[in-house]
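Residue numbers 10 to 379, in my numbering, belong to the letters of the sequence shown in order.
Glycine residues also receive a C-beta, built at the ideal position from the N, C-alpha and C atoms.
These numbers were taken from a predicted model, which means no experiment stands behind them.
A quick write-up on the structure given underneath.
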Amino acid sequence: MKVDIKLPGLFGLGLLWIIFLALGYFTSWRMGLQWFSQAGLLWFWVWYLTWKRADLNRISTDTPLLNDLGWANRLTLLRGYLIALTGGFLFQPDIQGFISWIPGLLYGAAAILDRVDGFVARRSKQTTLLGAELDTVFDALGLLVAPLLAIVMGKIHWSYLSLSFAFYIFNWGIYWRCKHGLNIYPLMPSQLRRALAGFQMGFVALALLPCFAPQQTVVCGFAFLIPVVLGFTFDWLVVSGRINGESVGAKLFFSRLVKISRNIFQPCLRIFLFVGSIFMLYKADIFEPPGSIFLTLSLVLGISLVLLGSAGRVGALIVLLLLAGSAAPITPLSIGLLCSGAWLLLLGTGRFSLWQWDDVWVNRQDGASA
Numbered sequence: 010m011k012v013d014i015k016l017p018g019l020f021g022l023g024l025l026w027i028i029f030l031a032l033g034y035f036t037s038w039r040m041g042l043q044w045f046s047q048a049g050l051l052w053f054w055v056w057y058l059t060w061k062r063a064d065l066n067r068i069s070t071d072t073p074l075l076n077d078l079g080w081a082n083r084l085t086l087l088r089g090y091l092i093a094l095t096g097g098f099l100f101q102p103d104i105q106g107f108i109s110w111i112p113g114l115l116y117g118a119a120a121i122l123d124r125v126d127g128f129v130a131r132r133s134k135q136t137t138l139l140g141a142e143l144d145t146v147f148d149a150l151g152l153l154v155a156p157l158l159a160i161v162m163g164k165i166h167w168s169y170l171s172l173s174f175a176f177y178i179f180n181w182g183i184y185w186r187c188k189h190g191l192n193i194y195p196l197m198p199s200q201l202r203r204a205l206a207g208f209q210m211g212f213v214a215l216a217l218l219p220c221f222a223p224q225q226t227v228v229c230g231f232a233f234l235i236p237v238v239l240g241f242t243f244d245w246l247v248v249s250g251r252i253n254g255e256s257v258g259a260k261l262f263f264s265r266l267v268k269i270s271r272n273i274f275q276p277c278l279r280i281f282l283f284v285g286s287i288f289m290l291y292k293a294d295i296f297e298p299p300g301s302i303f304l305t306l307s308l309v310l311g312i313s314l315v316l317l318g319s320a321g322r323v324g325a326l327i328v329l330l331l332l333a334g335s336a337a338p339i340t341p342l343s344i345g346l347l348c349s350g351a352w353l354l355l356l357g358t359g360r361f362s363l364w365q366w367d368d369v370w371v372n373r374q375d376g377a378s379a
């Protein structure tokens, strides 16, 4: 099994060297050397994290060690290495031309693999302790490296790093409580927690692409950040016992909160997004020719899907992509539209929706038995 871990590490030396030569030839040798140094350190770190946890390559603690990593764990390991390659572009302000597309594409591939590796693990019935551990570790590494890169590129505000630090602070807090003999209380079950993490990776990957305007992605960053920070805060209050997640009162309160969101907040966001987008289209030419007619019709399609609640998350994604890539000025209206689109993407369209298959897709575990 350890051969499966050693080979990517050795293969990485050759790959890093080839990319270094390519970057040096097409850009500058200084940039190539900096990329090689940073990506090499992160590549070794990913390899070390995997090697250190090799004894977890088993189905459960009372089952024997598996002979090989399996395809699911290999995909998870590939995800870690893609994050390492992305990290090579950190602190390089002169990324231009076709090179500027590479970080977003690398991290985007890693974000897609985050869903694929789980599907492969469940379909092959080989969900291991190692896979679960590496999945969490690489999520945290990616949500540190990629946002930091986006901040350096001016695509998101520096406060977005609070999301990255929240994970490490949360886990350090649990460790500190264990070390001091304090109780650790179980988290309340939540499908939203998993969805929020997945959407963060997708957002940062898209924000890294040069086709999206920095002023738009900065606003979107705040919209995606706020729910996650609130979620981490609430989870810490539960884990530390400040909120009793098992109490009837807490369950009733959050049940009511969910109902208010589904019945009032989310439908109101849909109406605002539709009306506000129509008003913006009427007042200003937010899309530049050529293609302005097609983009305008695409925006109308997106807001119509949102208003009807027919694959509303897909509609919200269409609206966000179009607004983030448009020439729309940053105004209170455009900020409201970007925030509304982001929150509808995270939460769904709520009540009075015609067709919510996208909610099912977001919340399901691909490959799991029905």
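Item, Value
"So which of 54, 372, 136, 353 has the shortest CA-CA distance to residue 93?", "54"
"If I follow the unbroken alpha helix (DSSP H) through residue 142, where does it start and stop?", "138–161"
"Output needed for residue 232: all residues of its chain with C-beta closer than 7 Å, excluding positions within five of it in sequence on either side, in chain order.", "347, 348, 351, 352"
"Have a look at residue 134 and residue 278 and give me their C-alpha separation to the nearest angstrom.", "40 Å"
"Per DSSP, which residues does residue 270 bridge with? Please list them.", "Partner(s): none; residue 270 has no beta bridge."
"Do residue 96 and residue 154 come within 9 Å of each other at the CB atom, strictly closer than that value?", "yes"
"Rounded to whole angstroms, what is the Cα-Cα separation between residue 68 and residue 209?", "29 Å"
"Leaving out five residues on either side along the sequence, give the residues of the same chain with a beta carbon under 6 Å from the beta carbon of residue 22.", "none"
"Among the candidates 16, 371, 15, 65, whose CA atom is the shortest distance from the CA of residue 203?", "371"
"Work out the CA separation of residue 308 and residue 379 for me, nearest whole Å.", "For residue 379, the predicted model reports a pLDDT of 47, less than 50, meaning its position is unreliable; a value from the coordinates is still stated below. For residue 379 and residue 308, the distance between alpha carbons rounds to 36 Å."
"Can you check which of these residues, 212, 241, 240, is closest to residue 228 by C-alpha distance?", "212"
"Who are residue 319's beta bridge partners in DSSP?", "364"
"Could you work out which residue in 359, 36, 50, 124 is closest to residue 274 when comparing CA atoms only?", "359"
"Give me the residue from 174, 363, 46 with the minimum Cα distance to residue 237.", "174"
"Hey, which unbroken runs of the alpha helix (DSSP H) at 4 residues or more fall wholly within the region 43–112?", "79–96"
"When burial is assigned at 16 or more other CB atoms within 10 Å of the CB, is residue 315 buried or exposed?", "buried"
"Count the other CB atoms, across all protein chains shown, that sit within 10 Å of the CB of residue 72; report buried if there are 16 or more and exposed otherwise.", "exposed"
"In the DSSP assignment, find the alpha helix (DSSP H) that holds residue 356 and state where it starts and stops.", "341–356"
"How close, in whole Å, do the beta carbons of residue 218 and residue 345 come, if the pair is a contact with beta carbons under 8 Å?", "Their Cβ separation, rounded to whole angstroms, is 24 Å, which puts residue 218 and residue 345 out of contact at 8 Å."
"Under a three-way DSSP split, which group does residue 220 fall into?", "coil"
"Since residue 32 and residue 44 should fall inside the 8 Å C-beta cutoff, what is the C-beta to C-beta distance between them, to a whole number of angstroms?", "6 Å"
"Find the nearest neighbour of residue 123 within the set 150, 368, 343, judged by alpha-carbon distance.", "150"
"How many Å lie between residue 305 and residue 290 at the Cα?", "8 Å"
"Report the three-state DSSP secondary structure of residue 196 (helix, strand or coil).", "coil"
"Buried or exposed, going by whether 16 or more other CB atoms sit within 10 Å of the CB of residue 50?", "exposed"
"For residue 293, name the three-state secondary structure that DSSP assigns.", "coil"
"Rounded to a whole number of angstroms, what is the C-alpha to C-alpha distance between residue 191 and residue 330?", "46 Å"
"Quick check: the region 125–141 against the region 182–197, are at least 3 beta-carbon pairs closer than 8 Å?", "no"
"Please return the same chain residues whose Cβ sits closer than 6 Å to the Cβ of residue 319, not counting the five positions on each side in sequence.", "363, 364"
"According to DSSP, is residue 21 part of a helix, a strand, or is it coil?", "helix"
"What did DSSP end up calling residue 298 once you bin it into helix, strand or coil?", "coil"
"Measure the C-alpha to C-alpha separation of residue 91 and residue 257 and round it to an integer number of angstroms.", "44 Å"
"Less than 9 Å between the beta carbons of residue 70 and residue 143, yes or no?", "no"
"Thinking just about the alpha-carbon of each residue, which of 104, 105, 98, 102 is nearest to the one in residue 116?", "98"
"Return the Cβ separation of residue 36 and residue 108 in integer angstroms, given the expectation that the two are a contact with Cβ distance under 8 Å.", "6 Å"
"Decide if residue 242 is buried, meaning its Cβ has at least 16 other Cβ atoms within 10 Å, or exposed.", "exposed"
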